[in-house]
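According to our numbering, the sequence shown is numbered sequentially starting from 38.
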Amino acid sequence: MQTSGPVKASAEALRGLIPLARSPQQFLSVYMQVPANDDTMNGLRLRLASRLENLAQELAGTPLAKAFTEERRALEGFVKSVRPGGSSLAIISSKEAGVWSAMWLPNSAEDHVRFGRGAYILPLVDALDEWEPVGLVEVHKDKARILVLEADRVSESHHFEADVPGKNRVGGGAGARYRPGSIGAEAQHSAGGGAAARYERHVQTHVDQHLKEVAHELDETVRRTNLRRIFVAGAVESRTQFRTHLNHELAAKLMGDLPVNPRGGDAALIGQLSQASRQAERDQELALIQEIVTRAEKNQGAVAGIAPTLAALQDRQVRTLVLAPETSQEGRQCPACERLLPPEDIVCPRCDAKTRRVNLWEELPAAAMSLDVALELVHGQAASDLWAYEGIGGLLKPPAAH
Ligand SMILES: [Zn+2]
Numbered sequence: 038m039q040t041s042g043p044v045k046a047s048a049e050a051l052r053g054l055i056p057l058a059r060s061p062q063q064f065l066s067v068y069m070q071v072p073a074n075d076d077t078m079n080g081l082r083l084r085l086a087s088r089l090e091n092l093a094q095e096l097a098g099t100p101l102a103k104a105f106t107e108e109r110r111a112l113e114g115f116v117k118s119v120r121p122g123g124s125s126l127a128i129i130s131s132k133e134a135g136v137w138s139a140m141w142l143p144n145s146a147e148d149h150v151r152f153g154r155g156a157y158i159l160p161l162v163d164a165l166d167e168w169e170p171v172g173l174v175e176v177h178k179d180k181a182r183i184l185v186l187e188a189d190r191v192s193e194s195h196h197f198e199a200d201v202p203g204k205n206r207v208g209g210g211a212g213a214r215y216r217p218g219s220i221g222a223e224a225q226h227s228a229g230g231g232a233a234a235r236y237e238r239h240v241q242t243h244v245d246q247h248l249k250e251v252a253h254e255l256d257e258t259v260r261r262t263n264l265r266r267i268f269v270a271g272a273v274e275s276r277t278q279f280r281t282h283l284n285h286e287l288a289a290k291l292m293g294d295l296p297v298n299p300r301g302g303d304a305a306l307i308g309q310l311s312q313a314s315r316q317a318e319r320d321q322e323l324a325l326i327q328e329i330v331t332r333a334e335k336n337q338g339a340v341a342g343i344a345p346t347l348a349a350l351q352d353r354q355v356r357t358l359v360l361a362p363e364t365s366q367e368g369r370q371c372p373a374c375e376r377l378l379p380p381e382d383i384v385c386p387r388c389d390a391k392t393r394r395v396n397l398w399e400e401l402p403a404a405a406m407s408l409d410v411a412l413e414l415v416h417g418q419a420a421s422d423l424w425a426y427e428g429i430g431g432l433l434k435p436p437a438a439h
């Protein structure tokens, strides 16, 4: 097999590999951590060799042994020459499907080696979170900008200069006399009354039109980039006014205000934005787990734990499946109906067939994909909370109307 790489992973490359979870062909999927002090990568090679040897023993005498041996040979030849280049190495390989991909992941993935039907992609789903785009809208009366940040880099930026009277005509013309906030405007207010108030309304109409255009562009940007999180910065008054122009969909994506230091520069801004986005993600994960646990205990629209979640998932009741990915759980799978079962089900309750042992975390992504269920991975405190329920839970679809 033609091996190449490893290359630095990109969001696009990961998105291309994730559907391989559902492939009917056999894949060797390898994830190896690269410790910072492993300059020679000998540590990685040793760990990998021992995992491959274990797999070889498990597969010996099975119909998969020959295909595995070929994959193993290609992989071992490849890792001989690999030099450090990232936090963890991911290799997805299938001679049968004609797939070879070796990538450095931006995050640290646990060691994991699997050979079986479909690629094991849970760590790729996790890595993709690193590229979760985040948006910033900075609004002022007379100008605005929209920034989209992906992998801590600005991937899109839109600038707006509004045609607000009093801004562009400074230094001449009628507008200058009424420039809001200037001494002239103050005088005009107290002396002229009506004209100044009319003028103020005129300015407001322009500001409103400008903010409406920004909201429209934001809507387009969200559609284009799949933004799930947006922060707002800028003058308080403009932020408040801007919000009135957001539709429900956009308003739901607003994570809060970002206090931007105007003298901080763009590097500081990007740092602030990615930090705020990570915090928002952690908060959302925690809220999701709290909702699942609370509702599951009352039996109201959620499930938690292996047995109830697997049952609800395969009975098409789950809309969001949540896993704590760090430590996988063992379960069973029926060879006849392919149903995933809790570890105690040695025999399939549906077809009476003897079930086989599987790693549920390896099988669940493909199951979720084929059932069109969203998959969320949680970390940190949210993951710890979910571990009280075997690291798995789900939000149920609303009950069908009668
Ligand atoms: Zn069965």
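Here a beta-carbon is modelled for each residue, glycine too, at the ideal position from N, C-alpha and C. All values derive from a computational prediction rather than experimental measurement.
Assign S87 to one of three DSSP states: helix, strand, or coil.
In this structure, S87 counts as helix in the three-state DSSP scheme.
Host alpha helix (DSSP H) of Q309 (start-end):
Here the alpha helix (DSSP H) through Q309 covers G302 to E334.
Do V359 and L408 come within 8 Å of each other at the CB atom, strictly closer than that value?
V359 sits away from L408, with the two beta carbons spaced by 8 Å or more.
With distances taken from CA atoms, which of S311, A127 and R387 is nearest V185?
Of S311, A127 and R387, the residue nearest in Cα terms is S311.
Could you tell me whether the stretch 169-178 touches the stretch 291-311, where touching means 3 or more Cβ pairs closer than 8 Å?
The stretch 169-178 makes contact with the stretch 291-311: 3 or more CB pairs, one atom from each, lie closer than 8 Å.
When burial is assigned at 16 or more other CB atoms within 10 Å of the CB, is P436 buried or exposed?
It counts as exposed.
Of all the alpha helix (DSSP H) runs that stay within the bounds of the stretch 66-118, which reach a length of 4 or more residues?
Fully enclosed alpha helix (DSSP H) runs of 4 or longer: 79-96 and 102-116.
Just the C-alpha distance for E399 and R151, rounded to the nearest angstrom, thanks.
In a straight line, the C-alpha of E399 is about 8 Å away from that of R151.
Should the stretch 119-130 be regarded as contacting the stretch 95-105, the criterion being three or more beta carbon pairs within less than 8 Å?
No: the two stretches stay apart, fewer than three of their Cβ pairs being nearer than 8 Å.
The beta strand (DSSP E) enclosing L440, as first and last residue numbers:
Beyond the ends of the chain as shown, which are 38 and 439, falls residue 440; an answer cannot be given.
Where does S194 sit, in a helix, a strand or coil, going by DSSP?
S194 falls in the strand class under three-state DSSP.
Return the chain-ordered list of same chain residues with a C-beta closer than 8 Å to the C-beta of P121, the five sequence neighbours on each side being excluded.
Take P121, set aside five residues on each side of it, and the residues of its chain with a beta-carbon closer than 8 Å to its own are V71, D75, D76 and M78, in chain order.
Residues in its own chain within less than 6 Å of L57 by CB, not counting five upstream and five downstream?
Only A156 meet the Cβ criterion.
Does the stretch 390-404 touch the stretch 294-301, meaning 3 or more C-beta pairs lie closer than 8 Å?
Touching, no.
Could you tell me if P43 is buried or exposed, where buried requires 16 or more neighbouring beta carbons within 10 angstroms of its beta carbon?
Burial of P43 is indicated by the presence of at least 16 other C-beta atoms within 10 angstroms of its C-beta.
What span of residues does the beta strand (DSSP E) with G172 cover, start to end?
Residues V171 to V176.
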